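Residue numbers (the working numbering): -2 to 279. These notes concern the structure reproduced below.
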């Protein structure tokens, strides 16, 4: 008998990724024992929430979730507040909120890097996306730290809706003067026309690992993470363009050629003559 978890993942891979959250919720209702495993393993389209303390938008994912609450990277507080925050920590803004969920908030050093990373990727978001929302979350590891970089951009124009979601999960393992960075990146892309004649959705996941030097303390980590995320996003964007639009161009070309049939026939005859001429010289 097939493992229920593997079967659930296999099913989700075959369904429209634009509706992953809905499909995931349906599977969880049928198999509640798989809830935590599925939520931590399946990448979903990102959801935006407004931070009540700072008024800034942030993105929700499993990495800033504690039960039904989500931590804002801007205030470091959960919404809805956790029990510890209800006891008097709800008014604390910024820094490391001690007691705001055991193990759910990074220590002072990692939280400081998290703040710097959010500021850096907010600039990155503005430069590359010219809008959208970004969020970065860090957490502690025994031999380093880990985190996730989230980016979301939605566009509604000319009767079409498009959504780009980037999820970059990384581990940074200290190795003396160098740090080993392991990155797993997922991009979820959705394109849809308002008349329903076109609905194109899909996702792509890639992995990357590299050892980089750390010469300027924790500031080097922010620079290194920014560099590998930027490189990965550029590569995945080009690959998605080839997969989505290159394939569509090939299909349309097979259905209806740009040139006339006579021109195509002449090109094929010329090609055959060139091949025969080369063979004749051998």
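From the three backbone atoms N, C-alpha and C, an ideal C-beta is built for every residue, glycine too. The model shown is predicted, which means the values in this text are computed figures rather than measured ones.
Alpha helix (DSSP H) segment containing residue 226, residue limits | 215 to 238
Quick one: measure Cβ to Cβ for residue 171 and residue 208, integer angstroms, because I've assumed they're closer than 8 Å.
-> With 8 Å as the limit, residue 171 and residue 208 do not qualify as a contact, their Cβ atoms being about 11 Å apart.
Reducing DSSP to helix, strand and coil, say where residue 66 ends up.
-> strand
Looking only at DSSP bridge pairs, what is residue 187 linked to?
-> 160 and 198
Can you tell me whether DSSP reads residue 104 as helix, strand or coil?
-> coil
Candidates 108, 133 and 109: closest to residue 120 by CA position | 133
Quick one: Cα of residue 200 to Cα of residue 27, how far?
-> 25 Å
State the Cα-Cα distance for the pair residue 241 and residue 188, rounded to the nearest angstrom.
-> 10 Å
Per-residue burial, residue 111 [other beta carbons within 10 Å of its own, 16 or more giving buried] = buried
Residue 264 (DSSP reduced to helix, strand or coil) | helix
Kindly list the residues whose CB is nearer than 8 Å to the CB of residue 267, restricted to its own chain and excluding five residues on each side of it in sequence; keep chain order.
-> none
Give me the Cβ distance between residue 72 and residue 51, rounded to the nearest whole Å; I'm assuming they're in contact under 8 Å.
-> 5 Å
Pairwise C-alpha distance: residue 213 and residue 47 | 34 Å
What is the rounded straight-line gap between the Cα of residue 177 and the Cα of residue 262?
-> 56 Å
Among the residues of its own chain, which have a CB less than 7 Å from the CB of residue 219, if the five just before and after it don't count?
-> 110, 113, 114 and 117
Coarse secondary structure for residue 173, derived from DSSP in three states = coil
Within its chain, find whatever has a CB closer than 6 Å to the CB of residue 152; leave out the 5 residues flanking it on each side and keep chain order.
-> 159
Kindly give me the distance between the Cβ atoms of residue 40 and residue 222, rounded to whole angstroms, as I take these residues to be in contact under 8 Å.
-> No, residue 40 and residue 222 are not in contact; Cβ-Cβ is about 19 Å, not under 8 Å.
Where residue 113 sits in the DSSP three-state scheme = helix
7 Å Cβ cutoff met for residue 60 and residue 130 | no
Taking DSSP as the reference, what is the three-state secondary structure of residue 3?
-> helix
Rounded straight-line distance, which links the Cα of residue 105 to that of residue 239 = 43 Å
Bridge partners of residue 178, per DSSP?
-> 169 and 207
For residue 5, is the classification buried or exposed, using 16 other Cβ atoms within 10 angstroms of its Cβ as the cut-off for buried?
-> buried
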